[in-house]
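One structure below.
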Amino acid sequence: MKIHILGAEVYNQIAAGEVVDRPYSVVKELVENAIDAGATEISVEIAGGGKSLVKVTDNGGGIEREDLAAAYLPHATSKLSRAEDLFGVRTLGFRGEAIASIAAVSKMKIVSRTAEGEGWSLASEGGKTGSILPAASPVGTEVTVEDLFYNTPARLKFLKSDAQEEGDVTNMMTRFALSRPDISFTYLANGKEKLKTHGEGLAAVLSTVYGTNILKELIEISADKHGIRLRGFLGNRNFSKPNRTYQSLFVNGRYVVNQTVSSAVTNAYASYLMKRQYPFYVLFLDLPPEIVDVNVHPNKTDVRFADNRLVYGTVYHVVSSVLDGNSRALEYVAPESASPAPPPTSSPMTYEEAKKELRFEVPVYTGKLGLGAASPASPPPLEVHSSAAYGISQAAQTPSGPDYFEENKQYLLGQEAAKKAQRVEVASLEYKGELFRTYLFYECGDDAYIVDQHAAHERLIYDRLREKMSRREVVAQPMLVPFLLPLNGSEFAFLETQFPLLEEMGFEIGDFGGNTVKVSAVPSDLMGMDLSSFFREVLESLESLRAIRLSDLLKDKLASAACKAAVKGGERLTEEEVRALLERMDGDMGLKCPHGRPVAVHLSKSEMEKLFKRIV
Ligand code: ADP
Ligand code: MG
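Take the position in the sequence shown, starting the count at 1, then add 420; the result is the number in the working numbering.
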């Protein structure tokens, strides 16, 4: 297909914006081009988080010699020519922007060959192309991008650490592998293979990405209703995840984050999941392209539907029927041995036909999100960087966050004052017994104290751990059987950045391969802790922890999560333990557990008398 320059009348109708702002968006654009070129094998290689190298190789149709130079020009595309075409976009790219804007901020080289022609290469530096040279090449295209943003230091400075950028690329690649299970993807970072799929269908990709056990937890669905085709995998009712990184939606083959669909799914799960539990889903929604506007966001990660109610209603209806297991579910649950999902192509109905067909009652779509759903204030991880998508002027501003140091100082001063006021002489406290295996009662003159033994215990372990950490005296206690924690790309990338901190705390933790973390020792004070609940808590706060840079605050969070996991609820303490606990509290009745709950509650004799109306 010939590359031509879009006329201004078409170009001006396309939402403008930065296409490339991070390594992952470079990878995204180049892989999309490979997919658009009809490749069945795509290999991606990055180094230095994609900052020093991104190389994408495909076995697609290739670029003809006379089109090679045109590919570098802005608004040059072979995929769209008339404004009308915008309403039926079937390719992933169509703006003709990516190659030009990546080339402008890097050293790029394209080597390509079509089935009929010879191989040719054309390199550029900062957007300036050299001359076209003959090159040995198999049929297909190889695009190499080196030294991204080398000529725009402001943008380079804005990038995150190599590890974090790599994590985002890994996420992107995971999404590509899921979106096109018919394509073989190979992805390497710093020479290490991170992902490999074989074009053998979605179930195979899911096992590769999330582990072979995942399939036991998932329900495969396939529904065709009102011109909308919904297929993919849903987590069963009892399968939840601590954050939203396990949710993938592909609309007409394109990965998107969309509130209409995500709230429909979330609301369908609402009665099964608790707060801060998120459903797992990998869903493909195919509908007539004329009712989907992909042109809404510069990075094309959102879509607009001509009729939100139709989409919401259909998705909600299908997902809730499957989860409720009612008779209609049979219609939507795919048979056990479903063949590999075909790539999204045909849509059987037009929009008008679909609207006519919509007969079942759907809950009204309010645009509001249900329980635990994505809120605009906290977008899912892949979207976290989207503020940068609107250009550097905004991105380069220094965020004026709260002054943590000042906040901490004030907090500590306040704590100290409160502590002094609430200290009680330990020897004067008389133990009076326990209630509900949780509350310990003490009397002291005209005052009574009720101590929450679990909160107190947690607090004491926490203090001890913090102290040992600050003196670097933590003892790592090796485990007989190492603990393995399978994660997804972004979770792994996040946790990996915390390895040094966790090691400082006394964990022995490392990369087991395949996005799995291996824990082989824990801090001796935390022996017997519940590691899965500890890591679940850490990952739950993935987004907030990411925002916190002060390692001290981070340590606090980790330590408190660890302690919570170390204290078992509903356990009766011996009298000796009760005494030891109080002694270690040193009579401090103003203590709070690491999560901010009070350790002790004060009740005076006069308050008691008021309760019984002895005094008013
Ligand atoms: P767009 O994808 O929006 O058309 P790009 O700047 O990404 O714009 O690419 C410009 C053109 O270069 C494409 O339209 C396509 O013709 C050609 N091209 C880019 N990458 C490839 C590839 N991997 N294989 C074949 N052709 C490609
Ligand atoms: Mg493109």
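A virtual CB, placed ideally from N, CA and C, is assigned to each residue, including glycine.
* **Beta-carbon spacing of Asp588, Ser526 below 8 angstroms** => No, the Cβ-Cβ distance between Asp588 and Ser526 is not below 8 angstroms.
* To do: Could you pull out every residue in the same chain whose Cβ sits closer than 8 angstroms to the Cβ of Ala754, ignoring the five residues on either side in sequence?
  => Contacts found: Glu640, Ile641, Ser642 and Arg651.
* Buried or exposed: Val685, going by 16 or more other Cβ atoms within 10 Å of its Cβ? -> Looking at its Cβ environment, which holds 16 or more other Cβ atoms inside 10 Å, Val685 is buried.
* Start-to-end residues for the alpha helix (DSSP H) that takes in Arg729 -> Run containing Arg729: Asn728 to Asp744, per the alpha helix (DSSP H) assignment.
* Would you give the residue range spanned by the alpha helix (DSSP H) that Ala847 belongs to? => DSSP places Ala847 outside any alpha helix (DSSP H), giving it a letter other than H or E.
* Asked: What is the DSSP secondary structure of Leu579, counted as helix, strand or coil?
  -> Look at Leu579 here: in three-state DSSP terms it is coil, with no helix or strand label.
* **Asp872 classed as buried or exposed, judged by whether at least 16 other C-beta atoms fall within 10 angstroms** => Buried, since its Cβ has 16 or more Cβ neighbours within 10 Å.
* Going by C-alpha distance, which of Gly673, Glu545 and Ser740 is nearest Asp722? -> The residue among Gly673, Glu545 and Ser740 with its C-alpha nearest the C-alpha of Asp722 is Gly673.
* Asked: Closest to Gly539 by CA distance: which of Gly1007, Arg595, Lys529 and Ala556 is it?
  -> Closest by alpha carbon: Ala556.
* Going by the CB atoms, is the gap between Val739 and Leu654 shorter than 8 angstroms? -> Yes, they are a contact pair.
* Asked: Should Ala816 go down as buried or exposed, given a rule of 16 or more other Cβ atoms within 10 Å for buried?
  -> At Ala816 the pLDDT is 32, less than 50, meaning the model places this residue with poor confidence and gives no usable figure here.
* Mapping DSSP to helix, strand and coil, what is Lys419? -> What is shown of the chain runs 421 to 1036, which leaves residue 419 out entirely.
* Asked: What separation, rounded to the nearest whole angstrom, lies between the Cα atoms of Glu960 and Lys661?
  -> Distance between Glu960 and Lys661, taken at the CA atoms: about 9 angstroms.
* Asked: Roughly how many angstroms separate the alpha carbons of Pro906 and Leu473, rounded to a whole number?
  -> Straight-line spacing of the CA atoms in Pro906 and Leu473 works out to 28 angstroms.
* To do: Please state whether DSSP places Pro1042 in a helix, a strand or coil.
  => Because the chain spans 421 through 1036 in this model, residue 1042 falls outside it and cannot be assessed.
* Can you tell me the Cα-Cα spacing of Leu791 and His646, whole angstroms? -> Low local confidence applies: a pLDDT of 30 at Leu791 is under 50, so the model's placement there is unreliable, and no value is given.
* Sorry if obvious, but does the Cβ on Ala489 come closer than 7 angstroms to a heavy atom of the ligand ADP? -> In this structure, Ala489 has its CB at a distance of at least 7 angstroms from all heavy atoms of the ligand ADP.
* Nearest neighbour of Leu626, chosen from Asn908, Met1028 and Ser952 [CA to CA] -> Checking every option, the nearest Cα to that of Leu626 belongs to Asn908.
* By Cβ distance below 6 angstroms, which residues in the same chain neighbour Thr572 in space, the five residues on each side in sequence not counted? -> Cβ-Cβ distances below 6 angstroms link Thr572 to Val525 in the same chain, with the five nearest sequence neighbours on each side left out; the list follows chain order.
* Tell me, please, which residues DSSP counts as bridged to Tyr1057. => This structure gives no information on residue 1057, because the portion of the chain shown stretches from 421 to 1036.
* Asked: What does a CB cutoff of less than 6 angstroms around Gln1039 pick up in its chain, not counting 5 residues either side in sequence?
  -> In the structure as shown, the chain begins at 421 and stops at 1036. Residue 1039 is therefore absent and cannot be evaluated.
* How about Thr680 and Tyr752: are their beta carbons less than 8 angstroms apart? -> With a cutoff of 8 angstroms on beta-carbon distance, Thr680 and Tyr752 are scored as not near each other.
* Asked: Rounded to a whole number of angstroms, what is the C-alpha to C-alpha distance between Ala688 and Met694?
  -> A direct Cα-Cα distance of roughly 13 angstroms separates Ala688 from Met694.
* Looking only at its own chain, which residues have a Cβ that is under 6 angstroms from the Cβ of Gly482, when we skip the five neighbours before and after it? -> The answer, listed in chain order, is Ser532, Arg533, Thr534, Val559, Gly560 and Thr561.
* To do: Give me the Cα-Cα distance between Arg729 and Pro902, rounded to the nearest whole angstrom.
  => Taking the straight line from one Cα to the other gives about 49 angstroms.
* Look up Gly933 in the DSSP assignment and say whether it is helix, strand or coil. => The three-state reading of DSSP puts Gly933 in strand, counting E and B together.
* Kindly examine the ligand ADP and report whether one of its heavy atoms sits closer than 7 angstroms to the Cβ of Asn672. => The beta carbon of Asn672 sits no closer than 7 angstroms to any heavy atom of the ligand ADP.
* Asked: How about Thr686: is its Cβ closer than 7 angstroms to a heavy atom in the ligand ADP?
  -> False, no ligand heavy atom lies under 7 angstroms from that Cβ.
* Asked: Cβ of Glu452 versus every heavy atom of the ligand MG: is any distance shorter than 7 angstroms?
  -> It does: the Cβ of Glu452 is within 7 angstroms (strictly closer) of some heavy atom of the ligand MG.
* **Identified DSSP bridge partners for Ile466** => Within the DSSP secondary-structure output, Ile466 pairs in a beta bridge with Val474 and Ala609.
* Leu579 vs Glu586 beta-carbon contact at 8 angstroms -> No, the Cβ-Cβ distance between Leu579 and Glu586 is not below 8 angstroms.
* To do: Would you identify the three-state DSSP class for Gln584, choosing helix, strand or coil?
  => In this structure, Gln584 counts as helix in the three-state DSSP scheme.
* To do: Have a look at the DSSP bridge pairing and note the partners of Pro943.
  => DSSP output for Pro943 lists Ala896 as bridge partner(s).
* Asked: With Leu707 and Ile648 assumed to form a contact (beta carbons below 8 angstroms), what rounded beta-carbon distance in angstroms separates them?
  -> About 5 angstroms separates the Cβ atoms of Leu707 and Ile648, confirming a contact at the 8 angstroms cut-off.
* Cβ of Thr917 within 7 angstroms of any heavy atom in the ligand ATP? -> Ligands present in the displayed structure are limited to the ligand ADP and the ligand MG, and the ligand ATP is not among them.
* **Pick from Ser682, Glu517, Leu904 and Ala868 that is closest to Tyr492, judged by C-alpha positions** => Minimum Cα-Cα distance from Tyr492 among the listed residues Ser682, Glu517, Leu904 and Ala868 corresponds to Glu517.
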